[in-house]
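Participant: Protein chains in written order, with this note's numbering: chain W, 3 to 233; chain Y, 3 to 233.
Every residue, glycine too, gets a C-beta built ideally from N, C-alpha and C.
Structure incoming, see below.
There are 2 protein chains.
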Amino acid sequence: MTYSTVGVTPSLSDRLTEAILGIIRDAGLGPGDAIPSARELAKRFELTTPTIREALRKLEATGAVEFRHGSGTYVGPTINNVVLANPHRPPITKESVLQLIGARLVIEPAVAREAAVSRQPENLERLEAAVTNALTPPGGPAFALNFHVELAAASGNPLVEELLASLLKVRVREQQQIRQLYDNRNRDHEEHRAIVDAVRAGDAAAAERLTREHLEHIQRAIEAADFPELP
Amino acid sequence: MTYSTVGVTPSLSDRLTEAILGIIRDAGLGPGDAIPSARELAKRFELTTPTIREALRKLEATGAVEFRHGSGTYVGPTINNVVLANPHRPPITKESVLQLIGARLVIEPAVAREAAVSRQPENLERLEAAVTNALTPPGGPAFALNFHVELAAASGNPLVEELLASLLKVRVREQQQIRQLYDNRNRDHEEHRAIVDAVRAGDAAAAERLTREHLEHIQRAIEAADFPELP
DNA sequence: AAGGCTAAGTGATTTAGTCACTTCGTGACT
DNA sequence: AGTCACGAAGTGACTAAATCACTTAGCCTT
Chain W
3 MTYSTVGVTP SLSDRLTEAI LGIIRDAGLG PGDAIPSARE LAKRFELTTP
53 TIREALRKLE ATGAVEFRHG SGTYVGPTIN NVVLANPHRP PITKESVLQL
103 IGARLVIEPA VAREAAVSRQ PENLERLEAA VTNALTPPGG PAFALNFHVE
153 LAAASGNPLV EELLASLLKV RVREQQQIRQ LYDNRNRDHE EHRAIVDAVR
203 AGDAAAAERL TREHLEHIQR AIEAADFPEL P
Chain Y
3 MTYSTVGVTP SLSDRLTEAI LGIIRDAGLG PGDAIPSARE LAKRFELTTP
53 TIREALRKLE ATGAVEFRHG SGTYVGPTIN NVVLANPHRP PITKESVLQL
103 IGARLVIEPA VAREAAVSRQ PENLERLEAA VTNALTPPGG PAFALNFHVE
153 LAAASGNPLV EELLASLLKV RVREQQQIRQ LYDNRNRDHE EHRAIVDAVR
203 AGDAAAAERL TREHLEHIQR AIEAADFPEL P
């Protein structure tokens with residue numbers, strides 16, 4: 003048996019999450035907007051607050067809502083996501099990091115190719131911004147990662163972007179560590195630069211090849227590095 | 003501002019989910035195993051059951067645990083996942099389904115190529131089983147989808163498999179509907195067959211091309227179909 | 001006008017208890 | 001001996017009514 007919950011009446015909690023999402027959508031709320039308070043929802047559904055809170059916690063786990071103590075509950079950033087980074091990720095091992103790079107090696111070259119084919123002006127601009135900002139990160143150390151997400155965005159398919167963003171998000175801490183072990187920002191930047199140029203030129207084959215090589219460089223650096231444990 | 007929870011002390015609920023996951027991992031529990039009861043956990047953490055339940059609900063939302071009323075709480079199937087299908091997915095539109103196919107068109111050909119390169123005997127066997135079982139599905143209508151997941155598994159990278167499985171899982175209902183509108187099982191099967199043969203032969207280029215064409219066929223069928231709303 | 005203080009609103013958690021469901025063993029019946 | 005009904009124990013599901021902690025905004029003081 004795979005799932006015991008097949009054809010079974012969904013739990014109250016399940017129905018409640020759906021109902022709350024219904025309220026959000028019917029009211030046309032987007033990320034950042036406030037939703038009714040737990041007490042208000044409790045009244046509306048004729049339930050008690052702990053029950054409401056359970057449902058809200060489920061929504062919180064997937065980023066659909068966000069609690070702000072003393073302030074209220076708000077629509078989260080990933081409410082419209084199709085796929086998510088697991089917030090309860092297993093501990094990090096060298097193997098898991100290599101697995102991540104392996105997956106990216108399968109997917110990202112094809113994504114770069116698609117970006118070179120698509121070549122939408124707006125996306126190219128964002129890509130350009132990502133590659134130039136990389137050397138002077140304004141938003142912290144994780145900002146440089148955005149290049150790869152922007153590359154995915156440049157494919158023109160939001161779902162592909164979402165997929166890459168999720169893939170990179172789960173391993174932010176590893177990526178930061180990789181960056182410490184293998185801090186070759188100049189080469190990184192050069193390679194990013196070359197990829198962007200290929201995309202701009204619409205040279206799909208080059209974009210694909212350069213992305214593959216770029217990831218292979220990172221892969222080799224990780225394989226060579228000894229990997230201390232994280233806290 | 004993107005996240006208000008940066009550098010802030012994580013909430014009790016957050017720490018609790020981590021602690022519970024710690025218990026699961028320390029005890030070496032896997033999917034299907036029972037975890038301590040909510041009352042037991044409440045005693046252990048010196049908290050009350052609603053608080054514990056909130057944490058468990060968060061874990062439930064990501065498939066890390068599963069409630070079974072009257073029986074207990076068990077480790078869920080996706081506890082070790084890196085990336086997840088959003089259980090609170092937005093409503094379906096024709097556009098969203100086309101977006102999904104678009105993303106698959108970017109990714110899956112590259113995955114098929116990788117499978118043809120990897121060619122591990124065990125994976126080939128599972129792939130074979132998936133393609134032969136497709137015509138006589140023993141596990142319901144969604145079973146035929148497994149071909150594409152198995153193809154991803156054949157790439158040799160579990161994360162790639164996870165990614166594809168998540169991608170297909172969010173749209174199970176759409177896929178079922180597609181299957182109703184475009185029930186061309188014979189052609190489907192033939193095309194699957196051809197892809198498997200290419201993978202078996204180690205012909206990466208053919209595997210890639212055939213997978214792309216297969217998805218393009220589906221894409222065209224969806225574009226042509228008018229898309230009724232779901233309940 | 002500026003700044004500190006208070007009060008209302010909200011989330012966070014507690015406490016105590018009831019109801020519903022599952023499991024499994026006991027014991028009666030066949 | 002085998003089978004079935006039953007019931008007790010354990011568990012999740014939910015209620016009820018509070019209290020504590022935090023944020024915000026408006027008022028009041030200066």
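Just how far apart, CA to CA, sit residue 150 of chain Y and residue 50 of chain Y?
Facilitator: Going by the C-alpha atoms only, they are around 45 Å apart.
Participant: Quick one: what does DSSP say residue 113 of chain W is sitting in, helix, strand or coil?
Facilitator: If DSSP states are grouped into helix, strand and coil, residue 113 of chain W belongs with the helices.
Participant: Run down chain W in chain order and give the residues with a C-beta less than 9 Å from the C-beta of residue 169 of chain Y.
Facilitator: In chain order: 84, 85, 161, 165.
Participant: Can you list, in chain order, the residues of its chain with a C-beta nearer than 6 Å to that of residue 14 of chain Y? Leave out the 5 residues immediately preceding and following it.
Facilitator: Result list for residue 14 of chain Y: empty, nothing under 6 Å.
Participant: With burial defined as no fewer than 16 other Cβ atoms inside 10 Å of the residue's Cβ, what is the status of residue 188 of chain W: buried or exposed?
Facilitator: With fewer than 16 other Cβ atoms within 10 Å, it is exposed.
Participant: Is the Cβ of residue 88 of chain W closer than 7 Å to any Cβ of chain Y?
Facilitator: It does: the Cβ of residue 88 of chain W has a partner Cβ on chain Y nearer than 7 Å.
Participant: Give the straight-line distance between the Cα atoms of residue 58 of chain Y and residue 67 of chain Y, rounded to the nearest whole angstrom.
Facilitator: About 7 Å.
Participant: Hey, does residue 154 of chain Y have any beta-carbon neighbour from chain W nearer than 7 Å?
Facilitator: No, no contact with chain W.
Participant: With 7 Å as the limit, tell me which residues of the segment 32-57 of chain Y have their beta carbon closer than that to any beta carbon of chain W; keep them in chain order.
Facilitator: Against chain W - using a Cβ distance shorter than 7 Å - the residues of the segment 32-57 of chain Y are 52, 55, 56.
Participant: How many whole angstroms separate the CB atoms of residue 197 of chain W and residue 213 of chain W, which I take to be in contact at a CB cut-off of 8 Å?
Facilitator: About 6 Å separates the two Cβ atoms, so the contact holds.
Participant: Need the endpoints of the beta strand (DSSP E) that residue 68 of chain W sits in, please.
Facilitator: Looking at the DSSP string, the run of the beta strand (DSSP E) that includes residue 68 of chain W is 67-70.
Participant: Quick check on residue 143 of chain W: buried or exposed, where buried means 16 or more other Cβ atoms within 10 Å of its Cβ?
Facilitator: Its pLDDT being 45, under 50, residue 143 of chain W is placed unreliably in this model, and the value from its coordinates should be taken loosely. The residue in question, residue 143 of chain W, is exposed, as its Cβ has fewer than 16 Cβ neighbours within 10 Å.
Participant: Residue 112 of chain W CB to nearest chain Y CB: under 7 Å?
Facilitator: Yes - at least one Cβ of chain Y is within 7 Å of the one on residue 112 of chain W.
Participant: So for residue 84 of chain W, helix, strand or coil by DSSP?
Facilitator: Coil.
Participant: Hey, residue 206 of chain W and residue 115 of chain W: beta-carbon distance below 7 Å or not?
Facilitator: Taking 7 Å as the Cβ cut-off, residue 206 of chain W and residue 115 of chain W qualify as a contacting pair.
Participant: Per DSSP, what are the beta-bridge partners of residue 75 of chain W in this structure?
Facilitator: Looking at the DSSP assignment, residue 75 of chain W forms a beta bridge with W/37, W/69.
Participant: Using a Cβ-Cβ cut-off of 7 Å, state whether residue 207 of chain W counts as contacting chain Y.
Facilitator: Chain Y contact via Cβ: absent.
Participant: My output table needs one value for residue 226 of chain W: the three-state DSSP class, helix, strand or coil.
Facilitator: Note: residue 226 of chain W maps to helix in three-state DSSP.
Participant: Report the neighbours of residue 101 of chain W on chain Y: residues whose CB is nearer than 8 Å to its CB, in chain order.
Facilitator: Going along chain Y in sequence order, the residues near residue 101 of chain W (Cβ under 8 Å) are 159, 160, 161.
Participant: Looking at C-beta atoms only, is the number of pairs between the segment 153-160 of chain Y and the segment 214-223 of chain Y that lie closer than 8 Å three or more?
Facilitator: The answer is no - the segment 214-223 of chain Y does not touch the segment 153-160 of chain Y, with fewer than three Cβ pairs under 8 Å.
Participant: On the premise that residue 88 of chain W lies in contact with residue 148 of chain Y, defined as a C-beta separation below 8 Å, what is that separation, rounded to the nearest angstrom?
Facilitator: Incorrect: roughly 22 Å between the Cβ atoms, too far for contact.
Participant: Please work out which residues of its chain come closer than 7 Å, Cβ to Cβ, to residue 41 of chain W, disregarding the five sequence neighbours upstream and downstream, and give them in chain order.
Facilitator: 51.
Participant: Determine the extent of the alpha helix (DSSP H) in which residue 160 of chain W is found, giving its start and end residues.
Facilitator: Run containing residue 160 of chain W: 160-171, per the alpha helix (DSSP H) assignment.
Participant: May I ask you to list, following chain order, the residues of the segment 16-32 of chain W that have a beta carbon less than 7 Å from some beta carbon of chain Y?
Facilitator: Listed by position, the residues of the segment 16-32 of chain W near chain Y (Cβ gap below 7 Å) are 19, 23.
Participant: Residue 197 of chain W CB to nearest chain Y CB: under 7 Å?
Facilitator: By this cut-off, residue 197 of chain W is not an interface position.
Participant: Under three-state DSSP, which class holds residue 90 of chain Y?
Facilitator: In the structure shown, residue 90 of chain Y sits in coil (DSSP, three-state: anything other than H, G, I, E or B).
Participant: Do you know whose CA, among Y/152, Y/91, Y/102, Y/107, lies nearest residue 124 of chain Y's CA?
Facilitator: Nearest of Y/152, Y/91, Y/102, Y/107 to residue 124 of chain Y, Cα basis: Y/152.
Participant: Let's see if you can read the secondary structure: which residues bound the alpha helix (DSSP H) around residue 192 of chain W?
Facilitator: Where residue 192 of chain W is concerned, the enclosing alpha helix (DSSP H) stretches over 187-203.
Participant: Can a CB atom of chain Y be found closer than 7 Å to the CB of residue 140 of chain W?
Facilitator: Here the model assigns residue 140 of chain W a pLDDT of 48, short of 50, so the residue's position is not dependable, and the following value carries that caveat. Judged by the 7 Å Cβ criterion, residue 140 of chain W is not in contact with chain Y.
Participant: Any idea if residue 111 of chain W is buried or exposed, counting beta-carbon neighbours within 10 angstroms, 16 or more meaning buried?
Facilitator: That one is buried.
Participant: Where does residue 49 of chain Y sit, in a helix, a strand or coil, going by DSSP?
Facilitator: Correct three-state label for residue 49 of chain Y: coil.
Participant: For the segment 57-73 of chain Y, which residues have a beta carbon sitting closer than 8 Å to at least one beta carbon of chain W?
Facilitator: Here the close residues are 57, 59, 60, 61, 62, 63, 64, 66, 68, 69, 70, 71.
Participant: Can you tell which of Y/97, Y/128, Y/134, Y/117 has its C-alpha closest to the C-alpha of residue 208 of chain Y?
Facilitator: Per the Cα distances, Y/117.
Participant: Helix, strand or coil: which one does DSSP assign to residue 11 of chain W?
Facilitator: Coil at residue 11 of chain W, not helix or strand.
Participant: Please classify residue 210 of chain W: is it buried, with 16 or more other beta-carbons within 10 angstroms of its beta-carbon, or exposed?
Facilitator: Counting Cβ neighbours within 10 Å, residue 210 of chain W comes out buried, since at least 16 surround it.
Participant: Quick check: is the beta carbon of residue 116 of chain Y nearer than 7 Å to any beta carbon in chain W?
Facilitator: Yes, its Cβ sits closer than 7 Å to a Cβ of chain W.
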